[in-house]
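Novice: So in the numbering used here, the last one in the sequence shown is 95, and the numbering has no gaps at all. The beta carbon of each residue, even a glycine, is placed where N, CA and C say it ideally should be.
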Amino acid sequence: MSRRCQRNEKPEGPLISFLMGQLAAALFAVPTAALLWFATNKQLALWGPGGAFIGATGFWLILACFAFVSLFIPRFFPSLLGKVWNGIIRIEQWF
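What follows is the structure, given as structure tokens:
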């Protein structure tokens, strides 16, 4: 290969890898938190007392829990999301 065709690729640093991992975690955590929030409110509307609703604070709490796990226990985060999605699917099939 000629010198012009070769690329000078620099290895990623630990900070870049960490930030990319957190971006990927956010891309998966936001829809999961929204789905949990919507599913919980749906069940509360069907089976809960009249006017039962979890406000936007509940959504932000779920998202904060996911963010905490992704920051401090990053190896557990994919497993946690997998278990949450399996639980959502099983509960929705049950109803």
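Here's the rule: buried if 16 or more other CB atoms are within 10 angstroms of the residue's CB, otherwise exposed. What is Ser-70?
Specialist: buried
Novice: Tell me whether Lys-83 sits in a helix, a strand or coil according to DSSP, three-state version.
Specialist: helix
Novice: If you run the structure through DSSP and keep just helix, strand and coil, what is Pro-49?
Specialist: Three-state DSSP puts Pro-49 in coil, outside helix and strand.
Novice: Taking the alpha-carbon of Cys-65 as reference, which of Thr-32, Glu-12, Lys-10 has the nearest alpha-carbon?
Specialist: In terms of CA proximity to Cys-65, Thr-32 leads the group Thr-32, Glu-12, Lys-10.
Novice: Are the Cβ atoms of Ala-52 and Leu-44 separated by less than 8 Å?
Specialist: yes
Novice: Cutting at 6 Å between CB atoms, please list the residues of its own chain near Ala-29, excluding the five before and the five after it.
Specialist: Cβ neighbours of Ala-29 beyond the five flanking positions: Phe-66.
Novice: In terms of residue numbering, what span does the alpha helix (DSSP H) encompassing Gly-58 cover?
Specialist: 56 to 72
Novice: Rounded to whole angstroms, what's the CA-CA distance from Ile-73 to Leu-19? Just pull it up for me.
Specialist: When rounded, the separation of the alpha-carbon atoms in Ile-73 and Leu-19 is 15 Å.
Novice: To the nearest whole angstrom, what separates the beta carbons of Trp-37 and Phe-59, a pair I think is in contact under 8 Å?
Specialist: 4 Å
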